[in-house]
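Residue numbers (our numbering): 268 to 511.
Even for Gly, the Cβ is constructed at its ideal location relative to N, Cα and C.
Structure below.
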(Lines of atoms letter the chains of each structure in order from A and count residues from 1; the text may use other names and numbers.)
(Lines give C-alpha, C1' and ligand atoms only; values in the text may rest on other atoms or scores of the structure.)
Protein backbone atom coordinates (compact mmCIF):
# COMPACT_ATOMS: atom_id res chain seq x y z
CA UNK A 1 0.00 0.00 0.00
CA UNK A 2 2.42 2.64 -1.29
CA UNK A 3 0.59 5.85 -0.37
CA UNK A 4 0.00 4.79 3.23
CA UNK A 5 3.58 3.54 3.58
CA UNK A 6 5.11 6.84 2.44
CA UNK A 7 3.18 8.95 4.97
CA UNK A 8 5.13 9.25 8.21
CA UNK A 9 2.51 10.52 10.67
CA UNK A 10 2.32 7.14 12.41
CA UNK A 11 4.17 4.95 14.85
CA UNK A 12 6.87 2.70 13.38
CA UNK A 13 7.09 4.78 10.21
CA UNK A 14 10.06 2.65 9.17
CA UNK A 15 7.75 -0.34 8.53
CA UNK A 16 5.67 -0.70 5.35
CA UNK A 17 1.89 -0.93 5.54
CA UNK A 18 0.84 -4.14 3.80
CA UNK A 19 -2.46 -5.12 5.42
CA UNK A 20 -5.86 -3.55 6.04
CA UNK A 21 -8.54 -3.66 8.72
CA UNK A 22 -12.10 -3.51 7.37
CA UNK A 23 -15.40 -2.48 8.95
CA UNK A 24 -18.50 -4.09 7.43
CA UNK A 25 -21.84 -2.64 8.60
CA UNK A 26 -24.78 -4.94 7.84
CA UNK A 27 -27.42 -2.97 9.75
CA UNK A 28 -30.82 -3.39 8.12
CA UNK A 29 -29.80 -6.34 5.94
CA UNK A 30 -32.55 -8.96 5.86
CA UNK A 31 -32.39 -12.70 5.32
CA UNK A 32 -33.41 -12.43 1.65
CA UNK A 33 -30.77 -9.78 1.02
CA UNK A 34 -28.07 -12.04 2.48
CA UNK A 35 -28.97 -14.71 -0.05
CA UNK A 36 -29.08 -12.20 -2.91
CA UNK A 37 -25.58 -11.03 -1.93
CA UNK A 38 -24.17 -14.55 -2.15
CA UNK A 39 -22.62 -14.24 -5.63
CA UNK A 40 -21.33 -10.73 -4.88
CA UNK A 41 -19.56 -11.77 -1.66
CA UNK A 42 -18.10 -14.89 -3.27
CA UNK A 43 -16.72 -12.85 -6.17
CA UNK A 44 -15.28 -10.22 -3.80
CA UNK A 45 -13.54 -12.91 -1.75
CA UNK A 46 -12.10 -14.59 -4.86
CA UNK A 47 -10.84 -11.29 -6.28
CA UNK A 48 -9.19 -10.34 -3.00
CA UNK A 49 -7.52 -13.75 -2.70
CA UNK A 50 -6.30 -13.78 -6.31
CA UNK A 51 -5.12 -10.17 -6.68
CA UNK A 52 -4.47 -8.97 -3.11
CA UNK A 53 -3.18 -12.05 -1.27
CA UNK A 54 -2.22 -11.69 2.39
CA UNK A 55 -3.40 -8.07 2.60
CA UNK A 56 -6.40 -8.69 4.86
CA UNK A 57 -5.74 -8.36 8.57
CA UNK A 58 -9.24 -8.37 10.09
CA UNK A 59 -12.89 -7.83 9.18
CA UNK A 60 -15.15 -6.45 11.91
CA UNK A 61 -18.85 -7.04 11.21
CA UNK A 62 -21.13 -4.48 12.86
CA UNK A 63 -24.91 -4.29 13.12
CA UNK A 64 -25.53 -8.02 12.69
CA UNK A 65 -29.28 -8.84 12.86
CA UNK A 66 -30.71 -11.17 15.51
CA UNK A 67 -30.72 -14.14 13.12
CA UNK A 68 -27.08 -13.74 12.05
CA UNK A 69 -25.70 -16.45 14.33
CA UNK A 70 -28.18 -18.86 12.74
CA UNK A 71 -27.28 -18.10 9.12
CA UNK A 72 -23.53 -17.75 9.77
CA UNK A 73 -23.13 -21.50 9.34
CA UNK A 74 -23.95 -21.33 5.65
CA UNK A 75 -22.63 -17.82 4.99
CA UNK A 76 -19.08 -18.78 5.99
CA UNK A 77 -19.06 -21.50 3.31
CA UNK A 78 -18.92 -18.73 0.73
CA UNK A 79 -15.41 -17.78 1.86
CA UNK A 80 -12.12 -19.63 2.10
CA UNK A 81 -11.16 -20.84 5.63
CA UNK A 82 -8.35 -18.31 6.03
CA UNK A 83 -10.72 -15.41 5.35
CA UNK A 84 -13.30 -16.86 7.76
CA UNK A 85 -10.70 -16.97 10.55
CA UNK A 86 -10.22 -13.20 10.18
CA UNK A 87 -13.91 -12.27 10.58
CA UNK A 88 -15.11 -10.98 13.95
CA UNK A 89 -18.76 -10.14 14.69
CA UNK A 90 -19.25 -7.41 17.29
CA UNK A 91 -22.31 -6.63 19.39
CA UNK A 92 -23.37 -2.99 19.79
CA UNK A 93 -21.62 -2.59 23.15
CA UNK A 94 -18.37 -4.07 21.79
CA UNK A 95 -18.03 -1.85 18.71
CA UNK A 96 -16.26 1.22 20.14
CA UNK A 97 -13.85 -0.47 22.60
CA UNK A 98 -12.92 -3.20 20.12
CA UNK A 99 -12.31 -0.86 17.18
CA UNK A 100 -10.20 1.41 19.39
CA UNK A 101 -8.05 -1.60 20.29
CA UNK A 102 -6.97 -1.95 16.65
CA UNK A 103 -7.64 1.43 14.99
CA UNK A 104 -6.71 4.96 16.01
CA UNK A 105 -9.84 6.95 17.01
CA UNK A 106 -9.07 9.57 14.33
CA UNK A 107 -9.53 6.84 11.70
CA UNK A 108 -12.79 5.43 13.10
CA UNK A 109 -16.00 6.96 11.65
CA UNK A 110 -18.03 9.04 14.11
CA UNK A 111 -20.93 6.64 13.60
CA UNK A 112 -18.94 4.00 15.49
CA UNK A 113 -17.65 6.28 18.24
CA UNK A 114 -14.55 7.63 16.51
CA UNK A 115 -13.45 11.05 15.26
CA UNK A 116 -13.54 10.58 11.46
CA UNK A 117 -16.24 12.60 9.67
CA UNK A 118 -17.10 10.05 7.00
CA UNK A 119 -20.29 8.53 5.58
CA UNK A 120 -20.30 5.31 3.58
CA UNK A 121 -20.42 5.97 -0.16
CA UNK A 122 -18.37 9.16 -0.02
CA UNK A 123 -14.89 9.48 -1.47
CA UNK A 124 -12.08 8.79 0.98
CA UNK A 125 -11.31 11.52 3.49
CA UNK A 126 -7.94 13.12 2.73
CA UNK A 127 -5.27 12.72 5.39
CA UNK A 128 -4.11 16.24 6.41
CA UNK A 129 -0.50 15.02 6.29
CA UNK A 130 -0.78 14.75 2.50
CA UNK A 131 -0.45 18.56 2.34
CA UNK A 132 3.05 19.50 1.30
CA UNK A 133 3.96 15.89 0.51
CA UNK A 134 1.92 15.19 -2.63
CA UNK A 135 2.46 17.31 -5.76
CA UNK A 136 -0.83 17.54 -7.66
CA UNK A 137 -1.08 17.91 -11.41
CA UNK A 138 -2.93 20.93 -12.77
CA UNK A 139 -6.67 20.54 -12.25
CA UNK A 140 -6.37 18.21 -9.26
CA UNK A 141 -6.46 18.95 -5.55
CA UNK A 142 -7.60 15.50 -4.42
CA UNK A 143 -7.92 11.96 -5.73
CA UNK A 144 -10.78 11.53 -8.25
CA UNK A 145 -13.27 8.69 -8.25
CA UNK A 146 -12.45 5.54 -10.18
CA UNK A 147 -9.47 3.16 -10.25
CA UNK A 148 -6.03 4.56 -9.45
CA UNK A 149 -2.61 3.11 -10.27
CA UNK A 150 0.68 3.92 -8.55
CA UNK A 151 3.86 3.45 -10.60
CA UNK A 152 7.52 4.12 -9.80
CA UNK A 153 8.82 7.18 -11.62
CA UNK A 154 11.75 6.84 -14.02
CA UNK A 155 14.16 8.43 -11.55
CA UNK A 156 13.23 5.86 -8.89
CA UNK A 157 12.91 8.64 -6.31
CA UNK A 158 9.16 9.15 -6.51
CA UNK A 159 5.89 7.47 -7.44
CA UNK A 160 3.27 8.69 -9.88
CA UNK A 161 -0.47 8.16 -9.51
CA UNK A 162 -2.57 7.64 -12.65
CA UNK A 163 -6.34 7.66 -12.97
CA UNK A 164 -7.54 4.72 -15.04
CA UNK A 165 -10.91 3.55 -16.33
CA UNK A 166 -13.12 5.44 -18.77
CA UNK A 167 -13.69 9.20 -19.03
CA UNK A 168 -16.16 10.74 -21.48
CA UNK A 169 -16.51 7.37 -23.16
CA UNK A 170 -12.77 6.94 -23.70
CA UNK A 171 -10.16 4.91 -21.86
CA UNK A 172 -7.88 7.04 -19.77
CA UNK A 173 -4.49 6.98 -18.09
CA UNK A 174 -4.40 10.43 -16.57
CA UNK A 175 -1.55 11.67 -14.39
CA UNK A 176 -2.96 12.75 -11.02
CA UNK A 177 0.00 13.48 -8.75
CA UNK A 178 3.49 12.48 -7.66
CA UNK A 179 4.76 11.41 -4.25
CA UNK A 180 8.42 11.28 -3.11
CA UNK A 181 9.65 7.88 -1.95
CA UNK A 182 10.92 7.96 1.61
CA UNK A 183 10.54 4.31 2.61
CA UNK A 184 13.68 2.24 2.13
CA UNK A 185 13.08 -1.44 1.50
CA UNK A 186 15.08 -3.76 3.79
CA UNK A 187 18.26 -5.34 2.46
CA UNK A 188 17.87 -8.80 0.87
CA UNK A 189 18.12 -11.76 3.24
CA UNK A 190 21.43 -13.67 3.20
CA UNK A 191 21.42 -16.61 0.81
CA UNK A 192 22.94 -20.00 1.54
CA UNK A 193 23.06 -22.64 -1.21
CA UNK A 194 20.62 -20.60 -3.25
CA UNK A 195 18.00 -20.47 -0.47
CA UNK A 196 17.21 -17.34 1.55
CA UNK A 197 17.42 -17.95 5.27
CA UNK A 198 14.15 -17.41 7.09
CA UNK A 199 13.62 -17.09 10.83
CA UNK A 200 11.14 -19.71 11.89
CA UNK A 201 8.43 -18.47 14.18
CA UNK A 202 5.68 -20.45 15.84
CA UNK A 203 2.53 -18.54 16.69
CA UNK A 204 -0.86 -19.61 17.85
CA UNK A 205 -3.48 -18.51 15.35
CA UNK A 206 -7.24 -18.22 15.63
CA UNK A 207 -8.51 -21.28 13.78
CA UNK A 208 -11.35 -21.05 11.22
CA UNK A 209 -13.64 -22.90 13.64
CA UNK A 210 -13.02 -20.18 16.24
CA UNK A 211 -14.53 -17.30 14.28
CA UNK A 212 -15.64 -14.73 16.82
CA UNK A 213 -19.36 -14.24 17.29
CA UNK A 214 -20.33 -11.37 19.63
CA UNK A 215 -16.73 -10.77 20.70
CA UNK A 216 -15.63 -14.13 22.12
CA UNK A 217 -11.89 -14.91 21.72
CA UNK A 218 -10.91 -11.26 21.25
CA UNK A 219 -8.60 -11.63 24.24
CA UNK A 220 -6.88 -14.49 22.43
CA UNK A 221 -6.52 -12.26 19.39
CA UNK A 222 -4.79 -9.60 21.49
CA UNK A 223 -2.49 -12.15 23.12
CA UNK A 224 -1.43 -13.45 19.69
CA UNK A 225 -0.61 -9.90 18.58
CA UNK A 226 1.46 -9.32 21.73
CA UNK A 227 3.39 -12.56 21.21
CA UNK A 228 4.16 -11.61 17.61
CA UNK A 229 5.28 -8.13 18.65
CA UNK A 230 7.62 -9.50 21.33
CA UNK A 231 9.07 -12.17 19.02
CA UNK A 232 9.81 -9.63 16.30
CA UNK A 233 10.77 -6.60 18.39
CA UNK A 234 14.02 -6.23 16.47
CA UNK A 235 12.42 -6.38 13.02
CA UNK A 236 10.04 -3.75 11.55
CA UNK A 237 6.62 -5.34 11.21
CA UNK A 238 3.91 -4.62 8.67
CA UNK A 239 1.22 -2.22 9.81
CA UNK A 240 -2.43 -2.04 8.84
CA UNK A 241 -4.61 0.64 7.32
CA UNK A 242 -8.32 0.91 7.83
CA UNK A 243 -10.93 0.82 5.08
CA UNK A 244 -14.47 1.58 5.93
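| Item | Value |
| --- | --- |
| DSSP three-state assignment for residue 370, whether helix, strand or coil | coil |
| Residue 312 to residue 323 span [Cα, whole Å] | 11 Å |
| Through-space distance from residue 425 to residue 283, alpha-carbon basis | 16 Å |
| Limits of the unbroken alpha helix (DSSP H) element including residue 355 | Note, residue 355: premise wrong, no alpha helix (DSSP H); beta strand (DSSP E) at 354-356. |
| Residue 446 versus 400, 277 and 373, residue with shortest Cα-Cα distance | 400 |
| Unbroken alpha helix (DSSP H) run spanning residue 312, endpoints | 305-318 |
| Length of the line joining the Cα atoms of residue 391 and residue 336 | 32 Å |
| For residue 284, the first and last residue of its enclosing beta strand (DSSP E) | 284-292 |
| Environment of residue 490 [buried if 16+ CB atoms lie within 10 Å] | Summary for residue 490: the model assigns pLDDT 42, below 50, so the residue's position carries little reliability, and this model does not support an answer. |
| Length of the line joining the Cα atoms of residue 388 and residue 410 | 15 Å |
| Three-state secondary structure assigned by DSSP to residue 327 | strand |
| Cβ shell of residue 383 (< 7 Å), same chain only, five flanking positions each side left out | 373, 374, 375, 376, 377 and 392 |
| Residue interval of the beta strand (DSSP E) (run including residue 389) | No beta strand (DSSP E) contains residue 389, which DSSP labels as neither H nor E. |
| Length-filtered (4 minimum) alpha helix (DSSP H) runs lying within the region 409-441 | none |
| Whole-angstrom C-beta distance between residue 404 and residue 442, which should lie under 8 Å | 5 Å |
| Alpha-carbon spacing of residue 431 relative to residue 413, whole angstroms | 7 Å |
| Endpoints, alpha helix (DSSP H) assigned at residue 272 | 269-273 |
| C-beta contact flag for residue 355 and residue 327 at 7 Å | yes |
| Interface flag, residue 313 vs chain D, CB-CB below 7 Å | Absent from the structure is chain D; it holds one protein chain and no more. |
| Coil, strand or helix - residue 449 by DSSP | coil |
| Residue 333, buried or exposed, once every other Cβ within 10 Å from all chains shown has been counted against 16 | exposed |
| Beta bridge counterpart(s) of residue 322 as assigned by DSSP | BP columns for residue 322 are empty, so no partner. |
| Nearest candidate by alpha-carbon position, reference residue 287, set 295, 269 and 309 | 269 |
| Alpha carbon of residue 350 to alpha carbon of residue 318, nearest angstrom | 14 Å |
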